[in-house]
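> Just dropping this structure here.
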Amino acid sequence: MKRGCQAILLMGCLVAVGSGCAARLGRDYGHVLFNSADYFQIQIVTPAGAKDQSVTIDNLLLLPAVGDLPEELIDGMLLTVWQELQQIIPGSVIMPRERGRFAAYTTTANLLGDDGRPAVQEIIQIGRVTGSSHVLLPRIMDYRPYHPQRIVMEWMLFDVKLGKMVLLMVGNVDASEQRVLVAADAYLRQRKAKEYSSSNLDMMLRSPRDFNGFAMAQAVSALKGKLVVASSASMKPAEFKELHKTDDNYKYLREIK
Numbered sequence: 039m040k041r042g043c044q045a046i047l048l049m050g051c052l053v054a055v056g057s058g059c060a061a062r063l064g065r066d067y068g069h070v071l072f073n074s075a076d077y078f079q080i081q082i083v084t085p086a087g088a089k090d091q092s093v094t095i096d097n098l099l100l101l102p103a104v105g106d107l108p109e110e111l112i113d114g115m116l117l118t119v120w121q122e123l124q125q126i127i128p129g130s131v132i133m134p135r136e137r138g139r140f141a142a143y144t145t146t147a148n149l150l151g152d153d154g155r156p157a158v159q160e161i162i163q164i165g166r167v168t169g170s171s172h173v174l175l176p177r178i179m180d181y182r183p184y185h186p187q188r189i190v191m192e193w194m195l196f197d198v199k200l201g202k203m204v205l206l207m208v209g210n211v212d213a214s215e216q217r218v219l220v221a222a223d224a225y226l227r228q229r230k231a232k233e234y235s236s237s238n239l240d241m242m243l244r245s246p247r248d249f250n251g252f253a254m255a256q257a258v259s260a261l262k263g264k265l266v267v268a269s270s271a272s273m274k275p276a277e278f279k280e281l282h283k284t285d286d287n288y289k290y291l292r293e294i295k
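If you read the sequence shown in this note's numbering, its first letter stands for residue 39, the second for the next number, and so on.
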């Protein structure tokens with residue numbers, strides 16, 4: 039009888055240890071509940087007395103990410119963010135061409151001051167020239183390209199008409215955190231066409247391009263309900279304005295050309 043109890047106890051311990059190993063290795067997340075975007079904090083700056091907790095977008099100019107990020111990853115990140123934004127504000131997002139006339143004006147040196155603060159007037163001016171209602175500037179605060187990868191971000195949304203920032207989102211995606219592994223597992227199961235396997239999850243968490251794509255998707259997911267498309271009656275397609283020599287933007291556009 040005593041030996042039987044010991045055997046049952048030993049078996050229970052082995053099961054518990056096995057479950058713990060599975061969780062640590064990132065294999066079994068079915069019993070864990072996390073909001074995939076709960077690691078992003080969002081602050082919306084609204085006029086005094088306003089109750090609206092969302093920002094209405096007519097047309098949004100998406101600028102390349104600035105900050106601490108390898109240049110070869112910036113273009114892929116920009117395209118991923120653009121694609122993800124189409125899911126929540128379809129048809130309202132534009133982005134500058136990689137080697138277009140705005141290239142020299144969308145660099146980290148031009149959009150961030152030496153103190154790390156955004157060059158608000160420069161950002162607003164670019165928004166005016168492109169005829170945008172809002173400008174979104176993602177900033178990479180810290181980036182760890184080796185395993186476990188980590189990316190710390192600050193996203194700033196500017197209202198061109200008001201001439202100021204109206205939304206700030208900060209957060210980080212760290213592959214060493216359980217909640218990020220849970221979200222990565224769900225992302226891979228739901229979004230990727232190839233057959234799911236735990237090895238694919240490991241590959242995604244070790245690939246800088248794939249991991250950043252996942253991180254951008256999580257960031258945009260956190261903005262659902264915070265960015266809304268303007269009604270069709272007021273929405274105008276994003277386009278370059280016709281400028282004249284008397285226009286305040288004329289000199290700026292001449293400098294870009």
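For every residue, glycine included, the Cβ atom is placed at its ideal position computed from N, Cα and C.
What do you reckon, are the CB atoms on F196 and V220 nearer than 9 Å?
No, the Cβ-Cβ distance between F196 and V220 is not below 9 Å.
> Closest to S269 by C-alpha separation, out of E109, D240, G129, would be which residue?
Residue G129 is the option with its Cα nearest to S269.
> Quickly, what does DSSP pair F78 with across the bridge? List them, please.
G209, per the DSSP bridge assignment.
> Return the residue from the list E110, R155, R166, M241 that minimises the CA-CA distance to L99.
For the residues E110, R155, R166, M241, the minimum Cα distance to L99 belongs to R166.
> Using a Cβ distance threshold of 8 Å, determine whether the segment 175-189 contacts the segment 124-138, with at least three qualifying pairs required.
Verdict: no, contact absent.
> Do A222 and M242 have their CB atoms nearer than 9 Å?
Taking 9 Å as the Cβ cut-off, A222 and M242 qualify as a contacting pair.
> If we call anything under 9 Å between Cβ atoms a contact, is F78 one with A213?
In this structure, A213 does not lie closer than 9 Å to F78 by Cβ.
> What residue range does the alpha helix (DSSP H) around V220 cover?
Per DSSP, V220 belongs to the alpha helix (DSSP H) from 216-229.
> Along the chain, where does the beta strand (DSSP E) containing T146 start, and where does it finish?
Per DSSP, T146 belongs to no beta strand (DSSP E); it is in the alpha helix (DSSP H), 146-149.
> When DSSP builds the beta bridges, which residues end up paired with D180?
According to DSSP, D180 bridges with V190.
> What do you reckon, are the CB atoms on M298 and I80 nearer than 9 Å?
Lying outside 39 to 295, the shown extent of the chain, residue 298 is not represented and no answer is given.
> Among all the DSSP beta bridges, which residues are the ones paired with T94?
BP columns for T94 point to V266.
> Look up I112 in the DSSP assignment and say whether it is helix, strand or coil.
Correct three-state label for I112: helix.
> Let me make sure I understand the geometry here. Which of D113, V104, F140 has the alpha-carbon closest to that of A147?
Taking only the C-alpha atoms, the option nearest A147 is V104.
> Please classify G105: does DSSP put it in a helix, a strand, or coil?
G105: strand per DSSP, three-state reduction.
> Which same chain residues end up closer than 8 Å to R244 when comparing Cβ atoms and leaving out the 5 residues on each side of it in sequence?
Cβ neighbours of R244 beyond the five flanking positions: H185, Q187.
> Kindly indicate the opening and closing residues of the alpha helix (DSSP H) around R244.
Unbroken alpha helix (DSSP H) run through R244: 236-244.
> Quick check on L174: does DSSP put it in helix, strand or coil?
Note: L174 maps to strand in three-state DSSP.
> Could you tell me which of Q121, D113, V83 sits nearest to A257, measuring between CA atoms?
Ranking Q121, D113, V83 by Cα distance to A257 puts Q121 first.
> What does D197 pair with, by DSSP beta-bridge criteria?
Its beta-bridge partners are H172, K202.
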